[in-house]
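Have a look at the structure below, then the notes.
Residue numbers (full-length UniProt numbering), protein chains in the order written: chain A, 1 to 363; chain B, 1 to 363.
Below is the structure:
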C-alpha cells in the first residue's frame, strides 16, 4: 500500500483540480540565485505531466503549495541536449577536417532486454546525428563472460574506437566488476572505472571521464546559470552510476553535500534544507512537496514505468519526484521524460569526443 | 585576529574557572546509543588539556555547557592503538611460524623536515614493536622526482616489501600525483591511489587499502561500540587523505553523511545536526561548543602546534576541536594528542599486514 501512495498520480482528477497557470520566473532572483533563461525556451513545456501525488496526511507545506499558482521553471533537458549535440557535431566536423579522425563509440549489448535495446538504439541514433561512428555488438543472453571480455579486448586495441560502453544490466551469471574493469580506462566513456570515481572524489585530480548521467545533471544546472558554489545540496540515492558521482561532482563545484539513502532516518527533513536536490533512487514519486524548500532547484533522475490504463502502452514514465507537488514549490525542476534522460546520451557522445581529442591530442 | 579567537586557550585561567569533575558515563544510553567501555580505561586521561576557547559572543549553548559538570567520555586512541598493535604482533608471529614470511614496510623520506622525520621514526618504532621489517630511504631535499621514482620501482619489485609509503609533504618541485601513482596499488598501504578511493566510494567494491587516518577514526568508533548505521554524520574538511575518505567510509557504514568545508555558509548549523562529527581541517580549536549537538561523538583529527610560552618546547599541540567546550556537550571525544594520532600508525602496520597476507594468500 505504501507504494500506492507514491505511484497513484491520476492525471484526469488533477487536470480538474489544479488551474495550471504558469508564470515564467524570468530574470527574477530566488533562493538559488538569478535564473537567466539564456537559451531555454520560455513556453510552457507541452510534455509536462498533469499529475498529483496523493497522501493520507499531506504536510502543511504541501497544502500551502496547492493554493498558489506559482510554478517552477521547467528545465528542458531535451532542448539543452539538442543544443549540446549541435555543438558536438560542429567539433566532430572540425576534427575530421583538421586531422581526418572521426570519433568512434562501441556498444556491447548482451541479451534481449527491451529497455536496453531501446537505450542502445537511442545512443546509436545520437551518434549518427553528431557524426560519430558507432559500432555495435549484440550477443545472446547465455554468452559467457569470456566472450564479452574478448570483444572488449578487441575494441581496446582498435584505433578507430575511442569509447567503449557495455550496456547494463548484464545477465546475472556475469560479474559486472570484471567486465567493466576490462574496458581500457582511456576508452571508458561511461566513467565507471574506480580510478575515474576516485579522481572525481579527490582534490587536484582530474577524472578522464565523468559518468554521463550525473555529468548531465550538473551540465543542466550550468546551462541554466544555477550557481552551485556554497549551496546546500542533497543527493537522494547512492548508486555507483548516479548518486555517488553526482554527490562528488557537486562537492567539486563547492556545494555542501549531504547524501540521503535507504538508511537515512528523516530523509525529508534533510532534503528540505537543500538549495539543490538531485533525486536518483528509482522510486516513483517518492520526493513529495513537503520535502522541498521553497525556491530549491530539483533535478529528477528517476525514470519509473507505472501502470496507466489510459496510455496506449499500458504504462507511463514518472520520476522519483512528485512533479505536480514539487513544481509548485521549487524554482526550477526537470520533467520526466524530457529532463535528465536526453542529457545522458548527450554526455555520452560528449565523452566520446573528449576521448578522441585526447587520444589524438587535438584541442 | 580571527585566528586568535581559535588559538587563545589559556590553561591557567581555565583551571581556575572550571571545576573539572569527571563523571564517567559507564553503561549509560545517550543520543548515539549505549557506550559500553569494554576495553577502554575508565580513569580520567592525564593527557586531557585544560583549556577554554574564548569568543567575543559565545553561543547560548556554550554558556549552558559551562554550567554543567557532565563531561564526555575520552576516547583513548593511545590505548586502542596499543591493543591493536598487540593483535597485529600476534598475527605477524603466526604468519612467520606458518609460512616463514615477515611483512615489510618501506618508507621513503625526502628532505629534512623535522615533523616528517619524527613521523617516520614513529612508524619505524611501531613496525619494530609488532615484528614488521622496516626499510627506510632518506634522500636530500634537492633530489629529483626521477630518483624517488627509482626507489619506488625497486620497492615495487622487492618481494620482501609488502607496503610502500612516501612521506608527505614532498618538496615543492616534485609532483605528488606522479610519485604516489608510481607505487604499486598492491603495496599502496597509504591507500592514496585513486583506484582505492574510487572503490571506497563505490558500492559492491572493496578497496585494497583504506587510508590510515580515516580508517583509524572508524576503528575507534567500532572499538568503543559506537554505532554508525543510520546516524547523521558530519565530516569537517575534504582533504584527499582524511576528510574525503572519512566521509566515504562513514557512508559505507550506512551513516547519512554531510561534508562541511571552507565554502560552507553555516558550518556550525549543519554540524549541530550530527550524531558523529569528524573534524579534519587543520585549524586549532575551530569547532566550538555551540557547533555540537548534546550527546554527539566527536573525533578530532587536527594536530595543530600553537605557541605556548609555558611549554618547554615553546608550543603545544591542540586539535581542530575546542576540547574544553566540546567535552562538556559531547558524549565521547578524542583528545589531542592521544586520540586519532596513535591510530594512524596502528592502521599503517595493519595495512602492511593485510598486504603481506594478501600477497602470500595467508588467512
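Just so it is clear, CB atoms sit at the ideal spot from N, CA and C, and this is done for glycine as well.
All of these numbers come straight from a predicted model, not from anything done at the bench.
In summary, the residues of the region 198-227 of chain A whose CB is separated from some CB of chain B by less than 7 Å are 198, 199, 201, 202, 203 and 205, in the order they occur in the chain. Going by beta carbons, residue 329(A) and residue 289(A) fall inside the 8 Å limit. Chain B has no Cβ within less than 8 Å of the Cβ of residue 317(A). Residue 264(B): not part of any beta strand (DSSP E); DSSP gives it neither H nor E.
Boundaries of the alpha helix (DSSP H) harbouring residue 155(A): 145-157, taken from the DSSP string. Within chain B, the residues whose beta carbon sits less than 7 Å from that of residue 264(A) are 256, listed in sequence order. Shown here, residue 351(A) sits in a helix according to DSSP, grouped into three states. Bounds of any alpha helix (DSSP H) do not take in residue 133(B); it lies within the beta strand (DSSP E) bounded by 133-139. The beta carbon of residue 229(B) sits closer than 8 Å to some beta carbon of chain A. Leaving aside the five residues that flank residue 89(A) on each side, the residues in its chain whose CB is nearer than 8 Å to its CB run, in chain order, 129, 130 and 131. CA-to-CA, the gap between residue 331(A) and residue 253(A) works out to about 20 Å. Of all residues in the region 172-190 of chain A, those with a C-beta nearer than 9 Å to a C-beta of chain B are 176 and 177, reading in chain order. In this structure residue 104(A) does not touch residue 143(A) by the C-beta definition: roughly 23 Å separates them, more than the 8 Å allowed. Within a 10 Å sphere around the beta-carbon of residue 312(A) sit fewer than 16 other beta-carbons, which makes this residue exposed.
Straight-line measurement puts the Cα of residue 233(B) at about 12 Å from the Cα of residue 292(B). Taking C-beta atoms as the reference points, residue 219(A) and residue 343(A) count as a pair closer than 8 Å.
Among the bridge pairs identified by DSSP, residue 73(A) is matched with 332(A). Leaving aside the five residues that flank residue 296(B) on each side, the residues in its chain whose CB is nearer than 8 Å to its CB run, in chain order, 31, 32, 274, 275, 276, 277, 329, 330 and 331.
Those residues of the region 141-171 of chain B placed with their C-beta closer than 8 Å to a C-beta in chain A do not exist.
The beta carbon of residue 244(A) sits closer than 8 Å to some beta carbon of chain B. Scanning the region 193-251 of chain B for uninterrupted alpha helix (DSSP H) segments of 4 residues or longer gives 194-201 and 212-223, listed from N- to C-terminal end.
Proximity of the region 197-213 of chain B to the region 149-164 of chain A falls short of the contact definition, fewer than three beta-carbon pairs being nearer than 8 Å.
In the DSSP assignment, the residues bridged to residue 316(A) are 306(A). According to DSSP, residue 276(B) shares a beta bridge with 233(B) and 297(B). In the DSSP assignment, residue 270(B) forms no beta bridge with any residue. Contact check for residue 212(A) against residue 351(A) passes: the beta carbons are separated by less than 8 Å.
Neighbours of residue 196(B) across chain A, judged by C-beta separation under 9 Å: 194 and 198. A straight line joining the alpha-carbon of residue 263(B) with that of residue 135(A) spans about 44 Å. When the Cα atoms are used, residue 268(B) and residue 270(A) turn out to be separated by approximately 15 Å.
Across the structure, residue 192(B) and residue 184(B) are spaced so that their CA atoms are roughly 11 Å apart. Contacts between residue 248(A) and chain B, judged by CB atoms closer than 8 Å, involve 201 in chain order. Residue-level contact by beta carbon holds for residue 240(B) and chain A, with a gap shorter than 8 Å. Residue state for residue 100(A) is assigned as coil, using DSSP reduced to three classes.
Of all residues in the region 296-322 of chain A, none comes within less than 7 Å of chain B when Cβ atoms are compared.
The bridge partners DSSP lists for residue 116(B) come to none. Between residue 81(B) and residue 231(A), the alpha-carbon positions lie close to 39 Å from each other.
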